[in-house]
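Peer 1:
There are 4 protein chains.
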Amino acid sequence: MPATQTELAWHAGASRIRRKIMTDSSFRASETAVEQTINVPRTAQEAILQVVMANRILSNEGILDALGHVSVRNPVNTNTFFQARSISPFEVTPEDILEIDLDGNVVTQTTLKPYGERIIHGAILKARPEMNAVFHGHFAAVIPFSVTNTPIRPVTHVGSFLYQGVPIYDDYEPGDGMLIRTKHEGERIAKHLGQHRVHLLRGHGCDIVAENLLRLVASALHLRDNATIQWQTLLSGKEMKYLSPEEAKTAMEIALFGASPIDRMWGYWVARVKRNMPDMKDWK
Amino acid sequence: MPATQTELAWHAGASRIRRKIMTDSSFRASETAVEQTINVPRTAQEAILQVVMANRILSNEGILDALGHVSVRNPVNTNTFFQARSISPFEVTPEDILEIDLDGNVVTQTTLKPYGERIIHGAILKARPEMNAVFHGHFAAVIPFSVTNTPIRPVTHVGSFLYQGVPIYDDYEPGDGMLIRTKHEGERIAKHLGQHRVHLLRGHGCDIVAENLLRLVASALHLRDNATIQWQTLLSGKEMKYLSPEEAKTAMEIALFGASPIDRMWGYWVARVKRNMPDMKDWK
Amino acid sequence: MPATQTELAWHAGASRIRRKIMTDSSFRASETAVEQTINVPRTAQEAILQVVMANRILSNEGILDALGHVSVRNPVNTNTFFQARSISPFEVTPEDILEIDLDGNVVTQTTLKPYGERIIHGAILKARPEMNAVFHGHFAAVIPFSVTNTPIRPVTHVGSFLYQGVPIYDDYEPGDGMLIRTKHEGERIAKHLGQHRVHLLRGHGCDIVAENLLRLVASALHLRDNATIQWQTLLSGKEMKYLSPEEAKTAMEIALFGASPIDRMWGYWVARVKRNMPDMKDWK
Amino acid sequence: MPATQTELAWHAGASRIRRKIMTDSSFRASETAVEQTINVPRTAQEAILQVVMANRILSNEGILDALGHVSVRNPVNTNTFFQARSISPFEVTPEDILEIDLDGNVVTQTTLKPYGERIIHGAILKARPEMNAVFHGHFAAVIPFSVTNTPIRPVTHVGSFLYQGVPIYDDYEPGDGMLIRTKHEGERIAKHLGQHRVHLLRGHGCDIVAENLLRLVASALHLRDNATIQWQTLLSGKEMKYLSPEEAKTAMEIALFGASPIDRMWGYWVARVKRNMPDMKDWK
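Residue numbers (our numbering), protein chains in the order written: chain A, 1 to 284; chain B, 285 to 568; chain C, 569 to 852; chain D, 853 to 1136.
Structure, rendered in structure tokens:
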């Protein structure tokens, strides 16, 4: 799947800047080196616009409601990230995006209020320098696993990115309402996530990390779908065949995170946002 | 989470009056006193507008269909409440709101017909002077619990408000179609609810009470979501870890009913009503 | 719940003709005689308009897709009924309505093609002179009951109308694709339904009969909802408390089919059709 | 169900060309010869327009999201087929359709990028000369069957087309991410499908083949619905009565693929696309 002139050509209509990038560092172990051509922000302004769109997609696809949030690392300052002020993803506009440092301090000169749990995003981005985007949400599909200590495992090719395991965090700060708001707990969260892409928070939700916002949104959607299918299957009591590690690793690299599927997904989600959200109709 | 100038500032765009209020009396036992800044009506007119919006939200979020209803206490006369005439929540406008006393008598001079079950609202508001808003509905998620005598318990941080228990009412007036329409049965309902926030009515639905309409709507949505998740988990036969009482109490106070999440939820629901309901597009 | 001037007054805004009618004959055994004020067609034209709206509601509420159909008896000729030509309920307009006699002959002078299964409607209307509206559909919720020979029983007050039992038909004409298209099989269907309001067709769907289109649509929706809830509950293996016969009978008469709830439901469904279907926006 | 002048007449309003065709060859064994009058493309341009509409329908009905694809054989060159370039079905327009030969070579002079898995479509169309349309998708309902080696069988009359069995493919090319992209694996897929209408791909999705796009889309929707119902029923542990082979065969020929239901379904799906997708509103 090399990035050729042809591949660039069929994006002639797209207005965002695209760059050829080498396979992400998390794929080092892969036998199949994959060049990628995807929509990755180069400037702060591009990152802000992309994180607005990510908010809208996650809302429009039913992954986030009023609560939960998403962030992207500043491409020109790896020590800060962009995230909405404390409003719902459904409503986010570029004016709502704050720049925040990895300790959770708001860098933007503003009186706008940040999310309390921004600490999660900072702590994970600090611990995972190869990653650039973080998701925290509460969709229903993951809760049954989190409260029964049941491992989520890949049952479909698009759930493949889960193959390295999905640990379950259960080490909350007493008396803080199961929220993650202190520097100390942020560090515990980052440590618990470790080198995984996803972990669950017992009775609460999940955190996801990815190389970029496209993969992050794809991970959130397919975590939900894989969890839903796995639970429905598990209810039958039948033995279930999960993806083998090799199937999962190559499916993740090619069928889920490859330039072709990830680009097609993002184009689809954007097109749906533009249809369903009147204020986004003319978004470039 | 103190109410600061900053907190007020980021509401500059909001048109409703907001007031600093002390922690609700129902939180007396809490170790964490929480000041709150939320959208609470001060006048009858404000209460009427807010209960119209609550109707629309509950319809738009799929919590109420043609049946079921919501009410709010009159902030300038604690012996009356506001509630729509007998139409669906989907259709309610300010012109449809009646003022009703706690015995169920319609105070408004009108020929508009009230809901038969307004008696529930009056009886609960009479028995719970610290509360100001009541919900009665029939969403599917609670029925399986009600007909199998299974306790609903919090499995997520946003289901935390259920931690003091959800009793199941099964003491219907014979021959009245399982409706609650007599003064006598209204009193039984209020007595059965007791100091709980929620109880179920066997084979019928649920009643919810809260300090204000924001918390009431949040309770209705999260009761549905918690019940759905709990039932799906229960079908697996796996042992389930519920929130501990301390987790639940602090999660309720901070993560669900705190000023920041409750305000964000309300803003989200209003924004969705304005997008989905053409006649609400320009609602202030 | 007597029909008073007040009750009529709050319908001042409604454009349809309403009449005071005595309790339906199917309620003969009821101890609570109930007068009703509902929207019942008096002329052929009113019946045609109402069956168009019933089609649109059943489509808009997700009860019918491309297949399935609904009919209403001609109020001025009890030997004919009105039903759409062979198109989806989503698309039906007054121009699509055919007049058909109880043997299935199209009375309207037209080349428009009728539904093959119109035979069901004629046969049931012939066998049930006290009834005036018939539904035939295939929604998923009833199929599990039909293929496992499991009785549907009322678990909610709005499923109350099912209390006299829901027999399961399994006597198909060999070689006719499980459709009901012959006079002989129509008679078998009507005989199997007997004095019930609903029966299932194994591996196919259900037939419903009611006094009028309002009750018919309410029956279709609540059959779906009751079946969904009952199946979800049944999967738990827990013992389930159904409505007692007295609870069910009075709930049907008062809480489901009473003038107040049935009128509120119909108003709600119409309002949703007018919002969701552009060509129905200005429907009177 | 003969094709008469009457049948043609009630299509007077339809703008597409219709032809009388004899029963499809796959129905050779049928005792009931059925003439059919359906919307089958005669020219390349007609086929292109119909495959655009099939894409939109499959998106609008929730069968396909960003991934998955559909194709139709070129009616004037049986060695090529039409399929969208690598974009989501939601977005497909006539300009996006490529002509591709049965080995997967893009015939259209273009720099537009095709789907990697076009190889599936070519291989199946080569192996099944009596068929003209292929679907490949990943909807959730089929995955539990595919990972537990559970046969899908018809439980409803519209799932009848599944009666000849639904084998499960599990012979992936190692290291290719569970995708079907090589000529060799395409041949394995076609061989595994054999004379069936549907097979599942373990942990991935399904392939469907049909005589034309109308039957193909109907098959995709009803595969989903039948699988959903069968799994829900199976979870109860109750014995399930499937359609008998004779029931299924005649139901497929008459109730699902007959001219009357298939035409009604297609009309319905098109009407919904035109309502929900603004750019399709005036589609002829």
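Don't be surprised by glycine CBs; every beta carbon is placed ideally from N, CA and C.
What you are looking at is a predicted structure, and each value in this text was computed from that prediction instead of being measured.
1) Of the residues that make up the stretch 218–251 of chain A, which ones have a beta carbon closer than 8 Å to any beta carbon in chain D?
2) Contact defined as beta carbons within less than 8 Å: I believe D96(A) pairs with A84(A). What is the distance between those atoms, to the nearest angstrom?
3) Is DSSP giving F827(D) helix, strand or coil here?
4) Hey, L485(B) and V450(B) are a contact pair by Cβ (cut 8 Å); roughly how many whole angstroms apart?
5) Mind reading off the beta-carbon distance from V155(A) to L256(A)? Whole number of angstroms is fine, and I expect it under 8 Å.
6) Distance, Cα to Cα, S1112(D) vs L811(C)?
7) Keeping to the same chain, check which residues put their C-beta closer than 8 Å to that of R908(D); ignore five residues upstream and five downstream.
8) Let me check one thing: in DSSP terms, what residues is R357(B) bridge-paired to?
9) For M983(D), tell me which candidate among W1118(D), R1127(D), P1097(D) and R1049(D) has the shortest Cα-Cα distance.
10) Quick test of your reading: V76(A) and L213(A), contact by CB under 8 Å. State the CB separation rounded to the nearest angstrom.
11) Determine the contact status of Y453(B) and I473(B), defining contact as a CB-CB distance below 8 Å.
12) How would you list, in chain order, the residues of chain A whose beta-carbon sits under 7 Å from the beta-carbon of I436(B)?
13) Helix, strand or coil, according to DSSP, for A411(B) in the structure here?
14) What are the boundary residues of the alpha helix (DSSP H) that includes A259(A)?
15) Nearest-angstrom Cα distance between N433(B) and F423(B)?
16) Short of 7 Å in beta carbon distance, which residues of its chain neighbour S654(C), apart from the five on each side in sequence? Order them along the chain.
17) Within 10 angstroms of the Cβ of R894(D), are there 16 or more other Cβ atoms? Answer buried if so, exposed if not.
18) Hey, is Q604(C)'s beta-carbon within less than 8 Å of any beta-carbon in chain B?
19) Secondary structure at P435(B), three-state DSSP: helix, strand or coil?
20) Could you please give the first and the last residue of the uninterrupted beta strand (DSSP E) stretch that includes E379(B)?
21) Would DSSP call P735(C) helix, strand or coil?
22) Helix or strand or just coil, what does DSSP make of M730(C)?
23) Closer than 7 Å by beta-carbon distance: list the chain A residues that pair up with M549(B), in chain order.
24) For the alpha helix (DSSP H) containing V335(B), name the first residue and the last one.
25) Applying a beta-carbon distance threshold of less than 7 Å, which residues of chain D neighbour V638(C)?
26) For K241(A) versus V999(D), is the C-beta spacing smaller than 8 Å?
27) Taking only beta-carbon positions, decide if R559(B) is within less than 8 Å of chain C.
28) Hey, L463(B) and I822(C): beta-carbon distance below 8 Å or not?
29) In the stretch 453–520 of chain B, which residue ranges form an unbroken beta strand (DSSP E) of at least 3 residues, counting only runs that do not cross its ends?
30) With 9 Å as the limit, tell me which residues of the stretch 650–669 of chain C have their beta carbon closer than that to any beta carbon of chain D; keep them in chain order.
31) Can a CB atom of chain C be found closer than 8 Å to the CB of R1054(D)?
32) For V675(C), which residues in the same chain have their Cβ closer than 8 Å to its Cβ, ignoring the five residues on either side in sequence?
33) Could you check the C-alpha separation between E969(D) and R1033(D) for me, to the nearest Å?
34) Given that a residue counts as buried once 16 or more other Cβ atoms are within 10 Å of its Cβ, and exposed if not, what is T362(B)?
35) For the stretch 1030–1047 of chain D, which residues have a beta carbon sitting closer than 7 Å to at least one beta carbon of chain A?
36) Report the rounded CA-to-CA distance for V903(D) versus E1099(D), giving the unit in angstroms.
Peer 2: Based on what the coordinates show:
1) Going along the stretch 218–251 of chain A in chain order, one finds D225, T228, I229, Q232, T233, L235, S236, K238, E239, M240, K241, Y242, L243, E246, E247, T250 and A251 with a Cβ nearer than 8 Å to chain D.
2) Yes, they are in contact, since the Cβ atoms of D96(A) and A84(A) sit about 5 Å apart, within 8 Å.
3) Outside the modelled stretch of chain D, which goes from 853 to 1136, sits residue 827(D), for which no answer is possible.
4) About 11 Å separates the two Cβ atoms, so there is no contact after all.
5) With a beta-carbon spacing of about 14 Å, V155(A) and L256(A) fall beyond the 8 Å limit used to define contacts.
6) If I take the Cα positions, the gap works out to 42 Å.
7) The beta carbon of R908(D) sits closer than 8 Å to those of P941, F942, V944, V1125, M1129 and M1132, all from its chain and outside the five residues before and after it, given in chain order.
8) Partner(s): F365(B).
9) With distances taken between Cα atoms, M983(D) lies closest to R1049(D).
10) 16 Å between Cβ atoms; not a contact.
11) In this structure, Y453(B) sits near I473(B), with a CB-CB distance shorter than 8 Å.
12) Simply none; closest approach about 14 Å.
13) Three-state result, A411(B): helix.
14) Start and end: A259 to N276.
15) About 17 Å.
16) The residues are K681, P682 and Y683.
17) The Cβ neighbour count for R894(D), taken over all protein chains shown within 10 Å, is under 16; the residue is labelled exposed.
18) Any reading at Q604(C) is ruled out, since the residue's pLDDT is 43, under 50, leaving its predicted position unreliable.
19) In the structure shown, P435(B) sits in coil (DSSP, three-state: anything other than H, G, I, E or B).
20) From DSSP, E379(B) is part of no beta strand (DSSP E); its letter is neither H nor E.
21) If DSSP states are grouped into helix, strand and coil, P735(C) belongs with coil.
22) With the sequence shown as reference, residue 730(C) is identified as Leu, and Met is not the correct amino acid for it. L730(C): helix per DSSP, three-state reduction.
23) Within 7 Å of the CB of M549(B), the CB atoms of chain A belong to A66, in sequence order along the chain.
24) Counting along the chain, the alpha helix (DSSP H) containing V335(B) begins and ends at A328 to N344.
25) Here the premise fails: no neighbours, minimum Cβ distance about 15 Å.
26) Against a cut-off of 8 Å, the Cβ pair of V999(D) and K241(A) comes out as a contact.
27) No, R559(B) does not count as interfacial toward chain C.
28) Yes, the pair counts as a contact, with Cβ atoms nearer than the cut-off.
29) Along the stretch 453–520 of chain B, the beta strand (DSSP E) occurs as fully enclosed runs of 3 or more residues at 482–485 and 489–494, listed in sequence order.
30) Within the stretch 650–669 of chain C, the residues whose Cβ lies closer than 9 Å to some Cβ of chain D are R653, S654, I655, S656, P657, F658 and E659, listed in chain order.
31) With 8 Å as the cut-off, R1054(D) does not count as an interface residue toward chain C.
32) For V675(C), same chain residues with a beta-carbon under 8 Å away, outside a window of 5 residues either side, are T648, L666, E667, I668 and D669 in chain order.
33) Cα to Cα, the separation comes out at about 5 Å.
34) The residue is exposed, with fewer than 16 neighbouring Cβ atoms inside 10 Å.
35) Taking a C-beta cut-off of 7 Å against chain A, the contacting residues of the stretch 1030–1047 of chain D are M1030 and L1031, listed in chain order.
36) The alpha-carbon atoms of V903(D) and E1099(D) are separated by roughly 31 Å.
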